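Quick notes on the structure that follows.
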Amino acid sequence: MASVVPMKDKKLMDVKIGELPKWIMMRDFTPKGIGGAFQRGYYRYYNKYVNVKKGSVAGVSMVLAAYVLFNYCRSYKELKHERRRKYH
């Protein structure tokens, strides 16, 4: 017999489409809950890519790539106008 996992304890990958709104409403959207989610994400990333026996530049390069992409998206509005200008 399969064990029944409460909706609150299910991972996102285990939630069915019909259960998704109910699962989202059970999440903690308080500042403490959001901070805890960021902290879990940081520690998960750190332990998977940075704190390993045979480390490489992969962990740091992903952070750098995300930073570059974020800044490009942030300044896209200004960069968009400079594309079609002719300097002559």
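Quick note on my numbering: the sequence shown kicks off at 1 and runs consecutively. Yeah, the Cβ is synthetic: ideal placement off N, Cα and C, and Gly gets one too. For clarity, every value in this text was computed on a predicted model and none was experimentally measured.
Open item on the list: In this structure, how does DSSP classify arginine 40 when only helix, strand and coil are distinguished?
Closed with: helix
Task: lysine 48 versus arginine 27: straight-line alpha-carbon distance, rounded - done: 24 Å
TODO: Measure the alpha-carbon distance for methionine 62 versus isoleucine 17 and round it to whole angstroms.
DONE: 30 Å
Open item on the list: I'd like the span of the alpha helix (DSSP H) that includes proline 21, first residue to last.
Closed with: 20–25
- [ ] For the alpha helix (DSSP H) containing tyrosine 72, list its first residue and its last residue.
- [x] 58–74
Task: Assigned secondary structure, valine 4 (DSSP; H/G/I helix, E/B strand, else coil) - done: coil
Task: Status (buried if at least 16 other CB within 10 Å, exposed otherwise) for methionine 1 - done: The predicted position of methionine 1 is uncertain, since its pLDDT is 49 and thus under 50; no value can be drawn from it.
Open item on the list: Checking 7 Å against the spacing of the C-beta atoms, do methionine 13 and tryptophan 23 come in under that value?
Closed with: no
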